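Residue numbers (the UniProt record's numbering): 1 to 193. Each residue gets a CB set at the ideal place from its N, CA and C atoms; glycine is no exception. This one's a predicted model, so the numbers in the text were calculated from it and none came from an experiment.
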Amino acid sequence: MYDKVWGNQLKFDEFGDGIAKFFDNGSRRRRVLAKRFVEMLQPLRKMMAEQGLYRFYASSILFIYEGSEEPEEEVEVGDNWLEQCDLECKANVKMIDFAHVFPIGEGHGSRDNSYRCGLDNLLRVLEGIGNGLSGNEFKLIDHSGHDELHVHCLCGQDPVRSDWNYMSGSRSGNCTPLEKTPAKTPASSPVVY
């Protein structure tokens, strides 16, 4: 079963194939649908590159699509009818979970670079799925060594940065924001992968 526990146990190098499972219906990988999601995420990518007001801690991106490959309308049966179904199926992307969104304070940078790094890796995976790639072919960038992306929490001060649980903030349940500790480290958002 692919639940929260399964997701939290993914290692960094398993992330791409983990996402790809959601595009596999048992008989084929829905590549055209993945390409549609890449297009749908472009406005979010642009907004996150331009906005400098907020940092998003532990927000999520919800992917919704019609799983049935039976066309709702008459389609011409041929070599590409499945791709046509993927192009016409209902699909949407929503940014959700805003409980931990905070204004960017003065002296804390001007962009939420952590969110953007995570979103860029997600886009790499979706583009790879759309192009028929899998596994290490996704060319993900491991940002775990970039301390400036981890200064938001006590995890960023932990010398062990090699496992996925550190990356996802689930190493000890949740990250402990520095704003709630006496440390004077600038706030930033977590690396979202």
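- By the Cβ neighbour-count rule, residue 96 is exposed, with fewer than 16 other Cβ atoms within 10 Å of its own.
- Under the Cβ criterion (8 Å, minimum of three pairs), the stretch 117-135 counts as touching the stretch 10-26.
- Taking a 10 Å sphere around the C-beta of residue 115, we find 16 or more other C-beta atoms and assign the residue as buried.
- Buried is the label assigned to residue 138, since at least 16 other Cβ atoms lie within 10 Å of its Cβ.
- By a beta-carbon distance limit of 8 Å, residue 56 does not contact residue 120. Their separation comes to about 14 Å.
- Rounded to whole angstroms, the gap between the alpha carbons of residue 129 and residue 29 is 8 Å.
- Under DSSP, residue 65 shares a beta bridge with 91.
- Here residue 115 carries a helix assignment [DSSP, helix/strand/coil].
- In the DSSP assignment, residue 31 falls within the alpha helix (DSSP H) that extends over 31-50.
- The residue among 67, 4, 11, 2 with its C-alpha nearest the C-alpha of residue 135 is 11.
- Nearest to residue 132 by alpha-carbon distance, out of 67, 91, 5, 31, is 31.
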